[in-house]
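Novice:
Residue numbers (this note's numbering): 1160 to 1561.
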């Protein structure tokens, strides 16, 4: 920035003040070249300043009041220019209300890390580590933590200790601990150890259902009707998961009508909540919208949850979109653990830390302590011997070490 010689000579008297204004204008120049006009008017407003290249101290003293006036104008111009960019009509709240006004004030986070997150691990995680992880997740304020699954150890050996885990976490605060029960045998085993919430797992893709559940969609729904009836008799709520709501690793794109059909069947059999899972993470806002619209025709919005995988980096975008459509329950996994053992390349659940960080940023309450959540993510990541899958978790952990 060019400075008049008179200003240069007098810098010893006003250097600090000048630097303040010049810094403001340097920033403003980057945003709006029109500020040059304001700057020039300030310095060249009075011809005597332009012509006085050898201004004396006495002359400076005589013109000091006039120069103070110029400084005031300079300051006003700088702040008006910056204010125009940061708090003009772009900051009236209209755009924020338009984009975020439809979002819920509170979002329930369903943590799926201990079950969906760890089930893929090849090395068996000790029961004590799982229990400690669940304890840390509960202490962060999460209202729901999916604890384990009562499935055959042959299919998911990582969760063979389901009974021991459930016995160890009894009395862990007021948190709910749903468990996956794919059939009546699993349901009865869960009831035997005091489970108070259960879940069933269906698919919107016929091929995926046969590959993952070893039965057709219709056969799986018939099986779940028995579980739902037994749960009703025990006054236990059932959560219904639907996988492949956008795409299938075998069939490709899944029609929204298929997702809506399975969702309606689960609701009709008595499921209290339906979680829509993008199992292979291919969904984008463009494909998620029609799927949600189809499901919302048959399921009340308060009974819907979303479960997005971040395989293609789209999970947060899809979550934000879902919230804008009015959904207020989001599944996520601590440190981004897990995916689906039967869908190649579908690793990468959405990290709970990243979801909470985003929700904090847009003013949506979760009642979850992000700091404690990050500690839980660090704990399990260190045990597994790899970096956290949460970008917010890594950034905030690194910042705390500075």
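Note that the Cβ used here is the ideal one computed from N, Cα and C, for glycine as well.
Note that the coordinates shown come from a computational prediction; the quantities given were computed from them, not determined experimentally.
Alpha carbon to alpha carbon, what distance is there between residue 1555 and residue 1384?
Specialist: Locating residue 1384 in the chain shown gives position 225, where the first residue counts as 1. Locating residue 1555 in the chain shown gives position 396, where the first residue counts as 1. C-alpha separation (whole angstroms): 45 Å.
Novice: Just to confirm, is the Cβ distance from residue 1266 to residue 1465 under 8 Å?
Specialist: Your numbering for residue 1266 matches position 107 in the chain shown. Your numbering for residue 1465 matches position 306 in the chain shown. Cβ atoms of residue 1266 and residue 1465: not closer than 8 Å.
Novice: Where in the stretch 1475-1535 do unbroken runs of the beta strand (DSSP E), each at least 3 residues long, occur, reported from the N-terminal end onward?
Specialist: Complete beta strand (DSSP E) runs here, min 3: 1488-1491.
Novice: In this structure, how does DSSP classify residue 1366 when only helix, strand and coil are distinguished?
Specialist: In the chain shown, residue 1366 corresponds to position 207, counting from 1. Residue 1366: helix per DSSP, three-state reduction.
Novice: Among 1521, 1274, 1512, which residue has its Cα nearest to the Cα of residue 1256?
Specialist: In the chain shown, residue 1256 corresponds to position 97, counting from 1. Residue 1256 has its Cα closest to that of 1521, out of 1521, 1274, 1512.
Novice: Which partner residues does residue 1538 have in the DSSP bridge list?
Specialist: Against the chain shown, residue 1538 aligns to sequence position 379. Partner(s): none; residue 1538 has no beta bridge.
Novice: Ignoring anything shorter than 4 residues or poking outside the stretch 1399-1430, list the alpha helix (DSSP H) runs there in chain order.
Specialist: DSSP runs (the alpha helix (DSSP H)) wholly in the stretch 1399-1430: 1415-1427.
Novice: Do you know how far the Cα of residue 1530 is from the Cα of residue 1216?
Specialist: Within the chain shown, numbered from 1, the residue matching residue 1216 stands at position 57. Within the chain shown, numbered from 1, the residue matching residue 1530 stands at position 371. Low local confidence applies: a pLDDT of 41 at residue 1216 is under 50, so the model's placement there is unreliable, with the coordinate-based value given in what follows. Distance between the alpha carbons of residue 1216 and residue 1530: 58 Å.
Novice: Would you give the residue range spanned by the alpha helix (DSSP H) that residue 1376 belongs to?
Specialist: Against the chain shown, residue 1376 aligns to sequence position 217. 1376-1392 is the span of the alpha helix (DSSP H), which, as asked, contains residue 1376.
Novice: Could you check which residue in 1321, 1559, 1396, 1518 has the C-alpha nearest to that of residue 1284?
Specialist: On the chain shown, residue 1284 is found 125 positions in, with the first residue counted as 1. Looking at the Cα atoms, 1321 is the closest of the given residues.
Novice: Roughly how many angstroms lie between the CA atoms of residue 1562 and residue 1367, to the nearest whole one?
Specialist: Given that the chain is displayed from residue 1160 to residue 1561, the structure contains no residue 1562 and the question cannot be resolved.
Novice: Do residue 1508 and residue 1276 have their C-beta atoms within less than 8 Å of each other?
Specialist: Mapped onto the chain shown, residue 1508 falls at position 349. Mapped onto the chain shown, residue 1276 falls at position 117. Yes, the pair counts as a contact, with Cβ atoms nearer than the cut-off.
Novice: With a 10 Å radius around its C-beta and 16 neighbouring C-beta atoms as the bar for buried, classify residue 1545 as buried or exposed.
Specialist: As a first step, residue 1545 must be located in the chain shown, where it is residue number 386. Classification for residue 1545: exposed.
Novice: Report back the beta-carbon spacing between residue 1534 and residue 1525 to the nearest angstrom; my notes put them in contact at under 8 Å.
Specialist: Here the question's residue 1534 lines up with position 375 in the chain shown. Here the question's residue 1525 lines up with position 366 in the chain shown. Actually they do not touch by this definition, with Cβ atoms about 16 Å apart.
Novice: Which residue comes first and which comes last in the beta strand (DSSP E) that contains residue 1437?
Specialist: Sequence index remark: in the chain shown, residue 1437 carries index 278 (1-based). Per DSSP, residue 1437 belongs to the beta strand (DSSP E) from 1432-1437.
Novice: Please report the straight-line C-alpha distance between residue 1342 and residue 1419, rounded to a whole angstrom.
Specialist: Position 183 of the chain shown, counting from 1, holds the residue named residue 1342. Position 260 of the chain shown, counting from 1, holds the residue named residue 1419. Roughly 22 Å between the two C-alpha positions.
Novice: In whole angstroms, what is the alpha-carbon distance linking residue 1369 and residue 1406?
Specialist: Along the chain shown, read from residue 1 onward, the residue named residue 1369 stands at position 210. Along the chain shown, read from residue 1 onward, the residue named residue 1406 stands at position 247. Approximately 15 Å, taken between the alpha carbons.
Novice: Using DSSP bridges, identify the partner residues of residue 1339.
Specialist: Working through the chain shown from its first residue, we reach residue 1339 at position 180. According to DSSP, residue 1339 bridges with 1308, 1358.
Novice: Using the C-alpha atoms, what's the distance from residue 1361 back to residue 1272?
Specialist: Taking the first residue of the chain shown as 1, we reach residue 1272 at position 113. Taking the first residue of the chain shown as 1, we reach residue 1361 at position 202. The alpha-carbon atoms of residue 1272 and residue 1361 are separated by roughly 19 Å.
Novice: Could you give the distance in angstroms between the alpha-carbon of residue 1390 and the alpha-carbon of residue 1346?
Specialist: Residue numbering aside, residue 1390 sits at position 231 when the chain shown is read from its first letter. Residue numbering aside, residue 1346 sits at position 187 when the chain shown is read from its first letter. In a straight line, the C-alpha of residue 1390 is about 8 Å away from that of residue 1346.
Novice: With a cut-off of 8 Å on the beta carbons, I'd call residue 1324 and residue 1269 a contact; round off their distance for me.
Specialist: On the chain shown, position 165 is the one that residue 1324 refers to. On the chain shown, position 110 is the one that residue 1269 refers to. The Cβ separation is near 17 Å, so there is no contact.
Novice: List the whole-angstrom C-beta distance separating residue 1386 from residue 1422, where the pair is believed to meet the contact cut-off of C-beta under 8 Å.
Specialist: As a first step, residue 1386 is located in the chain shown; it is residue number 227 there, counting from the start. As a first step, residue 1422 is located in the chain shown; it is residue number 263 there, counting from the start. The Cβ separation is near 17 Å, so there is no contact.
Novice: Using 8 Å for Cβ pairs, my map puts residue 1494 next to residue 1549. What's the rounded Cβ distance?
Specialist: Start at 1 with the first residue of the chain shown, and residue 1494 comes out as number 335. Start at 1 with the first residue of the chain shown, and residue 1549 comes out as number 390. Confirmed, about 5 Å.
Novice: I'd like to know whether the C-beta atoms of residue 1400 and residue 1358 end up nearer to each other than 8 Å.
Specialist: Stepping through the chain shown from its first residue, residue 1400 is reached at position 241. Stepping through the chain shown from its first residue, residue 1358 is reached at position 199. It is a contact, given that the beta carbons lie within the stated cut-off.
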